[in-house]
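J.: Here you go, one structure.
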Amino acid sequence: MSKIELILIVVLIIVFIFSGGKKLPELAKGVGEAVRELKNGLNEDDESDSENKLSKKIIDYSI
Numbered sequence: 001m002s003k004i005e006l007i008l009i010v011v012l013i014i015v016f017i018f019s020g021g022k023k024l025p026e027l028a029k030g031v032g033e034a035v036r037e038l039k040n041g042l043n044e045d046d047e048s049d050s051e052n053k054l055s056k057k058i059i060d061y062s063i
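Read in order, the letters of the sequence shown correspond to residues 1 to 63 in our numbering.
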């Protein structure tokens, strides 16, 4: 088990202790939404980079 996994487990246990069982689903939902937004943001950056490269190729071939 890597150090990152161990730290993540410890943090999750601490959050569970302080928040209790009732708040855990809300916290998990918030974390899931944050991860989803991060992935969407990264994908949008990748798409814009590929579009910029494509437009540069089109311009180079047309000149």
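Positions of the beta carbon are idealized from the N, C-alpha and C atoms, including for glycine.
As the structure is a prediction and not an experimental result, all values here were calculated from the model.
Using the C-alpha atoms, what's the distance from N40 back to I4?
T.: Looking up residue 4 in the sequence shown gives position 4. Looking up residue 40 in the sequence shown gives position 40. If you take the alpha carbons of I4 and N40, they lie about 23 Å apart.
J.: Going straight from the alpha carbon of G20 to that of G32, what length do you get?
T.: As a working note, residue 20 is residue 20 in the sequence shown. As a working note, residue 32 is residue 32 in the sequence shown. Those two C-alpha atoms are separated by around 19 Å.
J.: Kindly indicate which three-state DSSP category S19 falls into: helix, strand or coil?
T.: Counting from 1 along the sequence shown, the entry for residue 19 is found at position 19. DSSP places S19 in helix when its eight states are reduced to three.
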